[in-house]
Every structure is written in structure tokens, then in C-alpha cells.
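Last residue of the sequence shown? That's 432 in full-length UniProt numbering, and every number before it is there in order. Note that beta-carbon positions come from the ideal geometry of N, C-alpha and C, so glycine has one too. Here is the structure we will look at.
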Amino acid sequence: MALSQPEIIFYGPLINPKSVSSFQALPKCLLAVGASGNIDWIEEHVHESALQDVLAHRGSLNVSFIRLKHGEFILPGFVDTHTHAPQAPNTGSGQQYELLDWLKEKTFPMEARFVDVDFARRAYDLIVKRIIDSGTTTCCYYGTLHLEATKILADVISKWGQRAFVGKCNMNRNSQDDYVEATVSGSINATHALISHIRALPPPRLVEPVLTPRFAISCSGPLLSALGDMARADPSLRIQTHISENRNEIHTTLKFFPEATSYADVYDRHGLLGPRTILAHAVHLEEDEIALVKERNAGVSHCPTSNFNLRSGICPVGKFIDRGIKVGLGTDVSGATSTYADKQLPLSALLHLATVGGAQVCGFDALLVSVRSDTGNPGLWSADLDQELQVGVAGGKVLEAWLERFFFTGDDRNIRRVYVQGRWIGGAEGEL
């Protein structure tokens with residue numbers, strides 16, 4: 001049977017994360033994306049003089065072809081494992097508070113506004129587009145506790161073409177009067193309704209539901225148990241929640257769950273700690289909790305900016321990596337022979353955490369990045385690059401320097417295109 005023709009072929013530099021400790025910097029590659037949006041094939045080390053011969057061998061001489069410009073490269077899309085979409089309007093405010101006061105004074109009042117579906121629709125359309133243009137091809141979203149508003153969030157994400165997990169917050173205590181669910185049954189029924197809505201979205205079905213107990217303080221034991229029952233009944237459902245972000249939060253949690261031996265044990269005894277669980281923050285986990293998270297094969301979403309802004313502490317990411325715990329990066333909106341617990345993470349680790357550390361997909365979810373001076377911050381990017389990329393080690397070193405430049409001084413202006421499942425959905429050049 002003849003192989004299907006690719007839809008589009010890219011020629012140029014490619015960054016390919018391999019592990020926490022290594023990545024490939026390939027200066028001259030051919031990458032073919034098929035009609036399904038998956039990567040059909042990659043040819044490495046293709047010199048310009050051999051380009052037509054390789055394309056002819058692949059039977060792809062007449063396929064749509066994109067030649068990257070000097071200073072451009074392809075990078076896997078970013079995976080944000082923890083984002084509160086309705087908190088985006090609060091970005092930059094409330095930094096004087098620590099976690100629990102910040103929730104009370106800033107976050108819950110803002111989230112309560114999403115009972116207004118018109119407000120929710122306007123806000124989410126802007127928020128999701130902004131997240132996409134920042135290079136996030138996959139995102140784990142917390143909505144609010146409102147069913148209709150969270151349906152709108154899922155609809156907007158589906159419209160823009162982002163890959164995502166979307167959850168309606170479950171929270172039936174310890175919030176303001178107009179932002180709390182009255183009953184366990186009401187919370188669970190609304191969660192079932194959201195799951196049905198998301199699973200009925202039109203193709204391509206890139207949005208999936210996720211169970212979202214906000215955090216233990218906001219959920220009664222019966223609500224956590226009911227969510228655990230849902231997770232057991234439907235093994236495809238993922239779970240996202242918070243853990244050990246702040247010392248006061250931990251103390252309060254154990255006060256509400258005196259039978260638990262630890263914060264992690266609260267989730268474990270309610271059936272919510274497992275290989276499909278994403279635990280946000282995890283700044284202050286005790287050794288027995290780290291062992292439990294590892295045993296249950298749960299993952300951690302590291303949110304460094306939020307942890308810094310709310311003075312929550314420093315997450316021991318290196319320790320988690322050394323212990324073999326899955327770690328990805330979250331914005332929160334607003335082993336190996338070498339160890340990482342006592343040193344700064346290398347560029348390879350940052351790349352891994354931001355991309356394949358958060359998820360593994362076979363689709364072409366990628367960014368076309370430019371480090372030319374006309375695409376970045378003119379105050380930082382004042383000189384054009386003067387080194388040409390060549391096949392081999394020397395070219396790889398130049399490309400690695402481009403990646404480092406983008407990581408530490410780049411912004412959304414350098415992300416020229418964002419692709420999800422082979423479809424161009426955003427970036428500074430707009431979308432098709």
C-alpha cells in the first residue's frame with residue numbers, strides 16, 4: 001500500500017528534547033507533517049545540496065514547502081500543566097498577600113464574576129488567545145465552579161484549536177457566600193454535565209475533561225470521595241488539584257482532615273492520588289509524601305512565578321527529578337548518574353519541563369521561533385545573528401545559543417507561529 005503524501009514539509013533548524021539531561025540541536029532537518037496533523041517523518045542532517053534528492057527519494061517534490069529563514073527554528077510547543085483561566089484579569093494585582101488571603105481578597109471575588117456568561121465569553125476569548133500566542137499548545141485549565149462558564153471556556157478553546165484539559169472547580173466550603181457549591185450532589189452533577197459537554201465537542205477533539213477538586217480546604221470529605229468514585233469509574237479521567245503550596249494552607253488542611261497523616265494522604269485516602277493526577281505547587285512536601293507521590297506515580301506541576309510572587313517557597317524540583325517523579329511547568333496564570341537536587345537546572349531540563357515533561361503527544365504541536373533582531377524586544381535584540389548554521393557539531397552549538405537566547409530574553413513577539421496537530425492557530429504572524 002502506498003504511503004500517504006505529507007501535507008507540508010519544513011526545512012530548517014529543529015530543537016528536539018530527549019530527556020531532562022539532553023536535547024538535540026539539529027541545524028538542517030526536513031520535517032514532514034501529514035494530513036492527520038501527525039509527524040510523518042524527519043530527515044536529519046540534510047545539506048542544501050542534497051535537498052532535492054532527499055525530497056525525490058521521499059516522493060515529496062510537489063508538497064507544500066516551508067523554508068525557515070535565518071534565525072528561525074522549530075521547537076516543541078509549550079505545555080502548561082496548571083493555569084487558572086479566570087484569574088487572568090487579576091494578573092499583577094494582589095501581590096501583597098500570601099495564598100489564603102490572596103484567595104479571599106482577590107481571587108474568589110474575581111472568579112465569582114464568571115456567573116455572568118457574557119463576561120465569561122468575552123474574558124475567555126481574550127485569555128485563551130493570549131495563552132496560545134505565548135506558545136502554549138497544551139494547557140491544563142481550571143475554570144470556575146460555574147458549569148455554564150466552564151462550558152464556554154471549553155468551547156472557546158475548541159474554537160481556537162488548542163489542545164487542553166478543562167475542569168470545573170469543585171468547592172463546597174470555605175469560600176465566600178456567592179462562590180460556593182451548596183451540595184455534594186450538585187457539584188458532582190455539574191461535573192458530569194461538563195464532561196458530557198466536552199466529549200460532545202466537534203472534531204478535532206483536542207479538549208478533554210479533568211476532575212478539579214480545587215484543593216482540600218475547599219472540599220468536604222464526601223465531595224472528595226465522590227470525585228474519587230468518578231475517577232475509579234472512568235479511568236480516562238485525569239485529576240488536577242493543589243498541594244502544599246503554603247505552610248498555613250498545610251496547617252489548615254490537616255485541621256479539616258484530622259484523620260489524615262499528611263496533605264498527600266488526604267487525596268490518597270479519597271482515591272484522588274494516582275498516575276492521572278497533577279499536583280500543583282508541591283513546595284513543602286515531606287519525605288513520606290514524596291515517597292507516596294512517587295509510589296502512586298502522580299505528577300507535579302511546578303509553578304515558579306506564582307511561588308515567588310505569593311512568597312510560598314521554593315519547590316524542590318531537582319529532588320523530584322532525582323526521585324523519578326514526573327514534573328511539568330505551570331504558569332498558575334498569573335535516574336541518571338548526575339543529580340539535580342543541589343544545583344541549578346540546565347537548559348536541557350528547562351526545555352524538557354516546558355515541553356515533553358508536561359505531556360507526550362504524537363501530533364505536530366510546535367512553535368516556529370525567530371531570534372532575529374526584528375522580531376524581539378528592540379532593547380535586548382539589537383544585533384542580527386552573524387553565524388550561519390551548518391550541518392554538524394558547530395551548527396548545533398550555534399542553534400543551542402539561539403535557543404538559550406530565546407529562553408532567557410525572548411517573549412511572544414519571537415513566537416512567529418503556533419501549530420497544534422499540524423494546524424497553524426496563532427503566533428505573532430497571526431493564523432491561517
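Notebook entry, point to check: Straight-line CA distance for Val-117 to Ala-149?
Noted result: As a working mapping, residue 117 is identified with position 117 in the sequence shown. As a working mapping, residue 149 is identified with position 149 in the sequence shown. Rounded to the nearest angstrom, the gap between the Cα atoms of Val-117 and Ala-149 is 6 Å.
Item checked: Alpha carbon of Phe-23 to alpha carbon of Tyr-97, nearest angstrom -> Mapped onto the sequence shown, residue 23 falls at position 23. Mapped onto the sequence shown, residue 97 falls at position 97. Cα to Cα, Phe-23 sits roughly 39 Å from Tyr-97.
Item checked: Opposing strand residues paired with Leu-279 [DSSP bridges] -> The residue given as residue 279 occupies position 279 in the sequence shown. Partner residues in the beta bridge of Leu-279, as assigned by DSSP, are Thr-241, Val-300.
Margin query: Going by the DSSP bridge assignment, what does Tyr-419 pair with across the sheet?
Written below: The sequence position of residue 419 within the sequence shown is 419, counting from 1. According to DSSP, Tyr-419 bridges with Ala-366, Trp-424.
Next item on the list: With a threshold of 16 other CB atoms inside 10 Å of the CB of Asn-62, please say whether the residue is buried or exposed.
Entry: Counting from one through the sequence shown, the residue named residue 62 turns up at place 62. Flag for Asn-62 reads exposed.
Next item on the list: Can you say whether Ser-236 is buried or exposed, counting buried as having 16 or more other CB atoms within 10 angstroms of its CB?
Entry: Numbered from its first residue, the sequence shown carries residue 236 at position 236. Result: exposed.
Next item on the list: State buried or exposed for Pro-6, treating a residue as buried only when at least 16 other CB atoms are found within 10 Å of its CB.
Entry: The residue labelled residue 6 in the question sits at position 6 within the sequence shown. Buried, because 16 or more other Cβ atoms sit within 10 Å of the Cβ of Pro-6.
Next item on the list: Kindly give me the distance between the Cβ atoms of Ile-278 and Ser-301, rounded to whole angstroms, as I take these residues to be in contact under 8 Å.
Entry: Residue numbering aside, residue 278 sits at position 278 when the sequence shown is read from its first letter. Residue numbering aside, residue 301 sits at position 301 when the sequence shown is read from its first letter. Correct: roughly 5 Å between the Cβ atoms.
Note to self: Using the three-state DSSP reduction, which class does Val-156 fall into: helix, strand or coil?
What the structure shows: Here the question's residue 156 lines up with position 156 in the sequence shown. Correct three-state label for Val-156: helix.
Next item on the list: To the nearest angstrom, report how far apart Phe-108 and Phe-119 are at their CA atoms.
Entry: The sequence position of residue 108 within the sequence shown is 108, counting from 1. The sequence position of residue 119 within the sequence shown is 119, counting from 1. Between Phe-108 and Phe-119, the C-alpha separation is close to 16 Å.
Check: Does the beta-carbon distance from Ser-220 to Arg-173 come in below 7 Å?
Finding: Within the sequence shown, the letter at position 220 stands for residue 220. Within the sequence shown, the letter at position 173 stands for residue 173. Against a cut-off of 7 Å, the Cβ pair of Arg-173 and Ser-220 comes out as a contact.
Notebook entry, point to check: Going by C-alpha distance, which of Pro-258, Gly-186, Lys-319, Lys-151 is nearest residue 456?
Noted result: No information on residue 456 is available, as it lies outside the stretch 1 to 432 that the chain covers here.
Notebook entry, point to check: Can you give the beta carbon distance from Tyr-124 to Val-166, rounded, assuming they're within the 8 Å contact cut?
Noted result: Working through the sequence shown from its first residue, we reach residue 124 at position 124. Working through the sequence shown from its first residue, we reach residue 166 at position 166. A Cβ-Cβ distance of about 10 Å is found for the pair Tyr-124 and Val-166, leaving them out of contact under the 8 Å criterion.
Note to self: Assuming Ile-250 is part of the alpha helix (DSSP H), what are its boundary residues?
What the structure shows: As a first step, residue 250 must be located in the sequence shown, where it is residue number 250. Taken as a continuous stretch (DSSP letters only), the alpha helix (DSSP H) holding Ile-250 covers 247 to 256.
Next item on the list: Determine the DSSP secondary structure at Pro-76, reduced to helix, strand or coil.
Entry: Position 76 of the sequence shown, counted from the first residue, corresponds to residue 76. Pro-76 carries a strand assignment under DSSP once its states are collapsed to helix, strand and coil.
Item checked: Own chain partners of Leu-399 with C-beta closer than 8 Å, once the 5 adjacent residues on each side are dropped -> Mapped onto the sequence shown, residue 399 falls at position 399. If the five residues before and after Leu-399 are omitted, its C-beta is found closer than 8 Å to the C-beta atoms of Pro-13, Ile-15, Ala-25, Leu-26, Pro-27, Phe-73, Leu-389, all from its own chain and listed in chain order.
Item checked: Of the listed residues Ala-216, Ile-152, Arg-276, nearest to Asp-265 (C-alpha basis) -> Taking the sequence shown and counting its residues from 1, one reaches residue 265 at position 265. Asp-265 has its Cα closest to that of Ala-216, out of Ala-216, Ile-152, Arg-276.
Item checked: As assigned by DSSP and simplified to three states, the class of Gly-274 -> By one-based count along the sequence shown, residue 274 stands at place 274. DSSP places Gly-274 in coil when its eight states are reduced to three.
Notebook entry, point to check: From which residue to which residue does the alpha helix (DSSP H) around Ile-188 run?
Noted result: Position 188 of the sequence shown holds residue 188. Ile-188 -> alpha helix (DSSP H) spans 184 to 199.
Next item on the list: Could you work out which residue in Val-79, Ser-49, Val-46, Gly-34 is closest to Ser-64 when comparing CA atoms only?
Entry: Locating residue 64 in the sequence shown gives position 64, counting from the first residue. Checking every option, the nearest Cα to that of Ser-64 belongs to Gly-34.
Next item on the list: Could you please give the first and the last residue of the uninterrupted alpha helix (DSSP H) stretch that includes Val-266?
Entry: The count along the sequence shown starts at 1 and reaches residue 266 at position 266. Where Val-266 is concerned, the enclosing alpha helix (DSSP H) stretches over 263 to 269.
Check: Excluding sequence positions up to five away, which residues of its chain have a Cβ less than 8 Å from the Cβ of Asn-248?
Finding: Sequence index remark: in the sequence shown, residue 248 carries index 248 (1-based). Excluding sequence neighbours, Asn-248 sits near Glu-98, Leu-99, Leu-100.
Checklist line | residue 492 in three-state terms, based on DSSP | finding: Lying outside 1 to 432, the shown extent of the chain, residue 492 is not represented and no answer is given.
Checklist line | Same chain, Cβ closer than 6 Å to Arg-296, five either side skipped, listed in chain order | finding: As a position in the sequence shown, residue 296 is number 296, starting the count at 1. So the list reads Leu-273, Gly-274, once near-sequence residues are dropped.
Item checked: Cβ separation of Thr-137 and Arg-163, assumed to be a contact under 8 Å, to the nearest whole Å -> Counting from one through the sequence shown, the residue named residue 137 turns up at place 137. Counting from one through the sequence shown, the residue named residue 163 turns up at place 163. Right, their Cβ atoms sit about 6 Å apart.
Margin query: Between which residues of its own chain and His-192 is the CB-CB distance below 7 Å, once the five residues before and five after are set aside?
Written below: Translated into positions along the sequence shown, residue 192 becomes position 192. Excluding its 5 nearest sequence neighbours in each direction, His-192 has no C-beta neighbour in its own chain below 7 Å.
Item checked: Nonlocal neighbours in the same chain, by C-beta distance under 8 Å from Ile-290, ignoring five residues either side -> Taking the first residue of the sequence shown as 1, we reach residue 290 at position 290. Cβ within range, chain order: Lys-319, Phe-320, Arg-323, Ile-325.
Item checked: Contacting residues, own chain, Cβ-Cβ under 8 Å from Ala-182 (five flanking each side not counted) -> The residue you call residue 182 lines up with position 182 of the sequence shown. These residues qualify, in order along the chain: Asn-172.
Item checked: Beta-ladder partner(s) of Ala-32, from DSSP -> If you number the sequence shown from 1, residue 32 lands on position 32. DSSP, once it has assigned bridges, lists Ile-9, Trp-41 as partnering Ala-32.
Check: With a Cβ-Cβ cutoff of 7 Å, do Ala-366 and Tyr-419 count as a contact?
Finding: Taking the first residue of the sequence shown as 1, we reach residue 366 at position 366. Taking the first residue of the sequence shown as 1, we reach residue 419 at position 419. In this structure, Tyr-419 lies closer than 7 Å to Ala-366 by Cβ.
Margin query: Need the endpoints of the beta strand (DSSP E) that Val-210 sits in, please.
Written below: For the purposes of this step, residue 210 is taken as the residue at position 210 of the sequence shown. Note, Val-210: beta strand (DSSP E), 207 to 213.
Next item on the list: Would you decide whether Pro-17 is buried or exposed? Buried here means 16 or more other CB atoms lie within 10 Å of its CB.
Entry: Residue numbering aside, residue 17 sits at position 17 when the sequence shown is read from its first letter. By the 10 Å Cβ count, Pro-17 comes out buried.
Next item on the list: Scan the segment 89 to 144 and note each continuous beta strand (DSSP E) run of 3 residues or more that stays entirely inside, going in chain order.
Entry: Entirely contained in the segment 89 to 144, the beta strand (DSSP E) runs reaching 3 residues are, in chain order, 136 to 142.
Next item on the list: Could you tell me which residues DSSP puts in a beta bridge with His-84?
Entry: For this step, residue 84 is matched to residue 84 along the sequence shown. Answer by DSSP bridge pairing, in chain order: Tyr-142.
Next item on the list: Give every residue of the same chain whose Cβ lies closer than 8 Å to the Cβ of Leu-201, excluding the five residues on either side of it in the sequence, and list them in chain order.
Entry: In the sequence shown, counting from the first residue as 1, residue 201 sits at position 201. Answer for Leu-201: Ala-154, Asp-155, Ser-158, Val-207, listed in chain order.
Notebook entry, point to check: Just checking my contact of Val-371 with Arg-405 at CB under 8 Å: how many whole Å lie between their CB atoms?
Noted result: Counted from its first residue, the sequence shown places residue 371 at position 371. Counted from its first residue, the sequence shown places residue 405 at position 405. Yes, Val-371 and Arg-405 are in contact; Cβ-Cβ is about 5 Å, under 8 Å.
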